[in-house]
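**Q**
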Amino acid sequence: MGCFESKPSEQHQPTAVRGCTDIFWLVVYVLFWIALLVVAVFSFVYGNPLRIINGYDSFGNTCGVKSNEKFAKFPLSGMNTVDKPYVFFLDIKELRQTLKICVKECPKQQINSSMALYQYYEDRDTKYCRYDFDMSLLKTQQSSDPKYFAFAGPCPTIPVYKSKPVLHRCIPSGKNAPLHQVKDMYALINSWGAAQQVFSDLYKTWPTVVLVCGLSLIFSIILITMLHWLTSIISWLICIFVAVASIGITGVLWWSYYKAKHSMETDAKLSYLEELVRNESTIYVLAILATCIMIILLVIIYYLREKLSGLAALFEEAGKCMIELPGLAGPPLLACIALAIFLTFWVVVIVCLATSNYPNVRPLLPFTQLKENPANTSVTPKPGDLPADNNTYKTFDLVEY
Numbered sequence: 020m021g022c023f024e025s026k027p028s029e030q031h032q033p034t035a036v037r038g039c040t041d042i043f044w045l046v047v048y049v050l051f052w053i054a055l056l057v058v059a060v061f062s063f064v065y066g067n068p069l070r071i072i073n074g075y076d077s078f079g080n081t082c083g084v085k086s087n088e089k090f091a092k093f094p095l096s097g098m099n100t101v102d103k104p105y106v107f108f109l110d111i112k113e114l115r116q117t118l119k120i121c122v123k124e125c126p127k128q129q130i131n132s133s134m135a136l137y138q139y140y141e142d143r144d145t146k147y148c149r150y151d152f153d154m155s156l157l158k159t160q161q162s163s164d165p166k167y168f169a170f171a172g173p174c175p176t177i178p179v180y181k182s183k184p185v186l187h188r189c190i191p192s193g194k195n196a197p198l199h200q201v202k203d204m205y206a207l208i209n210s211w212g213a214a215q216q217v218f219s220d221l222y223k224t225w226p227t228v229v230l231v232c233g234l235s236l237i238f239s240i241i242l243i244t245m246l247h248w249l250t251s252i253i254s255w256l257i258c259i260f261v262a263v264a265s266i267g268i269t270g271v272l273w274w275s276y277y278k279a280k281h282s283m284e285t286d287a288k289l290s291y292l293e294e295l296v297r298n299e300s301t302i303y304v305l306a307i308l309a310t311c312i313m314i315i316l317l318v319i320i321y322y323l324r325e326k327l328s329g330l331a332a333l334f335e336e337a338g339k340c341m342i343e344l345p346g347l348a349g350p351p352l353l354a355c356i357a358l359a360i361f362l363t364f365w366v367v368v369i370v371c372l373a374t375s376n377y378p379n380v381r382p383l384l385p386f387t388q389l390k391e392n393p394a395n396t397s398v399t400p401k402p403g404d405l406p407a408d409n410n411t412y413k414t415f416d417l418v419e420y
């Protein structure tokens with residue numbers, strides 16, 4: 020009994036039975052991670068950001084890559100297209116149905132005949148016919164046969180217009196380019212989803228993003244290191260850097276807006292591409308916001324300039340603390356690296372997921388059209404070999420995503 024009849028303190032007794040708690044939520048957590056891993060595996064297997072960025076041909080080959088997946092019954096799939104980064108449409112009047120191939124470069128001049136097409140191949144080593152087509156046939160008398168030049172191939176329709184690459188697609192740009200077909204090609208590019216466009220841009224610019232993040236991390240480490248030796252001027256250095264960075268970013272944004280607007284005014288056809296129009300508007304809005312933020316920061320720095328000297332004592336104490344306990348910088352750095360790896364992994368998953376599609380197969384032409392255009396097949400069939408059923412579809416199919 021305690022003094023003055025006070026109650027004795029009760030000693031804590033350990034729990035007799037110990038066990039796991041919140042088992043249900045642990046199971047939910049594990050199942051959640053399993054589901055995320057399944058999604059990640061699916062995105063890595065079926066996703067390919069380069070398929071959106073570089074485009075793909077009618078045989079399932081992604082342009083501009085070293086190795087492609089080989090599909091059964093498609094002898095022209097699985098090709099090395101690392102030297103062919105651009106998509107070329109054989110007939111710009113039939114964009115949804117025409118054959119697409121990967122080419123080394125877009126036509127630098129207009130091609131008006133089969134001999135000119137062959138001469139261009141000889142001079143620039145760029146083939147605008149199907150991969151398995153013998154270009155020497157263009158020198159024969161049969162080269163004048165219009166069956167060789169159709170939307171189903173094997174060679175493009177004449178004339179082949181001078182083109183330029185727009186998002187890795189060859190789009191006619193010469194003075195003789197048909198305006199209606201050019202608009203259709205831009206409409207085809209505009210049909211991509213906004214999410215696919217955003218993620219494809221992120222995939223293309225990831226080296227720049229990583230470089231900027233790395234430089235920011237290095238600059239932060241340098242500032243922490245300088246806290247002990249430059250305590251009297253570190254606050255001024257931070258303010259000067261913030262002011263210079265805000266002015267520089269604002270200038271870069273306005274310069275980018277000027278370049279985007281000037282390029283669209285110079286080439287009116289670029290205004291058909293919705294992505295460029297959105298980019299111009301986005302850069303314009305960001306430039307205005309950056310200008311406002313820059314003005315606010317400069318005003319704050321100006322009015323607080325007399326109080327910056329008072330921060331020297333605070334930074335001096337912080338510097339002493341870092342010298343005495345250098346391990347304090349370790350956990351934040353490790354946490355930053357872990358978060359960077361985690362976010363990078365899931366950004367890659369999201370990008371691949373946004374571009375994941377299972378390849379489908381569709382017939383190119385009914386057999387009646389194949390009979391009229393035997394040049395589409397690698398081996399020209401004999402008239403007696405053609406089946407009588409006109410509703411039968413030919414074996415030459417196209418791969419679509």
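Residues 20 to 420 (my numbering) are what the sequence shown spells out, left to right. For each residue, glycine too, the CB sits at the ideal point set by N, CA and C.
#1: So, for residue 195: in the same chain, excluding its five sequence neighbours on each side, which residues have a beta-carbon less than 7 Å away from its beta-carbon?
#2: In the structure shown, what three-state DSSP assignment does residue 244 receive?
#3: Identify which residue in 309, 158 and 278 has its Cα closest to the Cα of residue 264.
#4: Nearest-angstrom Cα distance between residue 336 and residue 330?
#5: Distance, Cα to Cα, residue 178 vs residue 125?
#6: By the 10 Å Cβ neighbour count, where 16 or more other Cβ atoms means buried, how is residue 299 classified, buried or exposed?
#7: What separation, rounded to the nearest whole angstrom, lies between the Cα atoms of residue 249 and residue 267?
#8: Could you tell me if residue 254 is buried or exposed, where buried requires 16 or more neighbouring beta carbons within 10 angstroms of its beta carbon?
#9: So, helix, strand or coil for residue 39, using DSSP?
#10: So, helix, strand or coil for residue 75, using DSSP?
#11: Which residue comes first and which comes last in the beta strand (DSSP E) that contains residue 96?
#12: What separation, rounded to the nearest whole angstrom, lies between the Cα atoms of residue 244 and residue 100?
#13: Which same chain residues end up closer than 7 Å to residue 280 when comparing Cβ atoms and leaving out the 5 residues on each side of it in sequence?
#14: Could you tell me whether any Cβ in chain B is nearer than 9 Å to the Cβ of residue 281?
#15: What do you reckon, are the CB atoms on residue 75 and residue 106 nearer than 9 Å?
#16: Going by C-alpha to C-alpha distance, which of 184, 89, 350 and 284 sits closest to residue 108?
#17: Is the beta carbon of residue 118 sitting closer than 9 Å to the one on residue 70?
#18: Do residue 133 and residue 170 come within 9 Å of each other at the CB atom, strictly closer than that value?
#19: Helix, strand or coil: which one does DSSP assign to residue 329?
#20: Which of helix, strand or coil does DSSP assign to residue 188?
#21: When the Cα of residue 78 is compared with those of 65, 97 and 61, which residue comes out closest?
#22: Who are residue 105's beta bridge partners in DSSP?
#23: Below 8 Å on the Cβ atoms is my contact criterion, and I expect residue 247 with residue 349 to pass it. Report the Cβ-Cβ distance as a whole number of Å.
#24: Could you give the distance in angstroms between the alpha-carbon of residue 145 and the alpha-carbon of residue 189?
#25: Nearest to residue 151 by CA position, among 120, 127, 141 and 158, is which residue?
**A** Result, derived from the coordinates:
#1: Taking the first residue of the sequence shown as position 1, residue 195 is located at position 176. So the list reads 129 and 180, once near-sequence residues are dropped.
#2: Position 225 of the sequence shown, counted from the start, is the residue given in the question as residue 244. The answer is helix: DSSP assigns residue 244 an H, G or I state.
#3: In the sequence shown, residue 264 corresponds to position 245, counting from 1. Checked all of 309, 158 and 278; the closest Cα to residue 264 is 309.
#4: Along the sequence shown, one-based indexing puts residue 336 at 317. Along the sequence shown, one-based indexing puts residue 330 at 311. Rounded to the nearest angstrom, the two C-alpha atoms are 10 Å apart.
#5: Here residue 178 corresponds to residue number 159 of the sequence shown, with the count starting at 1. Here residue 125 corresponds to residue number 106 of the sequence shown, with the count starting at 1. Looking at the two C-alpha atoms, the distance is approximately 14 Å.
#6: Start at 1 with the first residue of the sequence shown, and residue 299 comes out as number 280. Flag for residue 299 reads buried.
#7: The residue you call residue 249 lines up with position 230 of the sequence shown. The residue you call residue 267 lines up with position 248 of the sequence shown. If I take the Cα positions, the gap works out to 25 Å.
#8: Numbered from 1 along the sequence shown, position 235 holds the residue referred to as residue 254. Classification of residue 254: buried, given that the 10 Å Cβ count is 16 or more.
#9: The residue given as residue 39 occupies position 20 in the sequence shown. If DSSP states are grouped into helix, strand and coil, residue 39 belongs with coil.
#10: Here the question's residue 75 lines up with position 56 in the sequence shown. Strand at residue 75.
#11: By 1-based counting over the sequence shown, the position of residue 96 is 77. No beta strand (DSSP E) holds residue 96; DSSP gives it neither H nor E.
#12: The count along the sequence shown starts at 1 and reaches residue 244 at position 225. The count along the sequence shown starts at 1 and reaches residue 100 at position 81. Computed Cα separation, rounded: 49 Å.
#13: Walking along the sequence shown from the start, residue 280 turns up at place 261. The residues are 299.
#14: Looking at the structure shown, chain B is missing, and only one protein chain is on hand.
#15: On the sequence shown, position 56 is the one that residue 75 refers to. On the sequence shown, position 87 is the one that residue 106 refers to. Yes, these two residues count as a Cβ contact at 9 Å.
#16: By 1-based counting over the sequence shown, the position of residue 108 is 89. Minimum Cα distance to residue 108 is reached at 184.
#17: For the purposes of this step, residue 118 is taken as the residue at position 99 of the sequence shown. For the purposes of this step, residue 70 is taken as the residue at position 51 of the sequence shown. For residue 118 and residue 70, no; Cβs fall outside 9 Å.
#18: Sequence index remark: in the sequence shown, residue 170 carries index 151 (1-based). Sequence index remark: in the sequence shown, residue 133 carries index 114 (1-based). No. Outside cutoff.
#19: Stepping through the sequence shown from its first residue, residue 329 is reached at position 310. Note: residue 329 maps to helix in three-state DSSP.
#20: In the sequence shown, counting from the first residue as 1, residue 188 sits at position 169. Residue state, collapsed to three classes: strand.
#21: Counted from its first residue, the sequence shown places residue 78 at position 59. Ranking the options by Cα distance to residue 78, first place goes to 97.
#22: In the sequence shown, counting from the first residue as 1, residue 105 sits at position 86. In DSSP, residue 105 forms a bridge with 122.
#23: In the sequence shown, counting from the first residue as 1, residue 247 sits at position 228. In the sequence shown, counting from the first residue as 1, residue 349 sits at position 330. So it is not a contact: roughly 17 Å between Cβ atoms.
#24: The residue labelled residue 145 in the question sits at position 126 within the sequence shown. The residue labelled residue 189 in the question sits at position 170 within the sequence shown. Each residue's alpha carbon lies about 13 Å from the other.
#25: One-based indexing of the sequence shown puts residue 151 at position 132. Per the Cα distances, 120.
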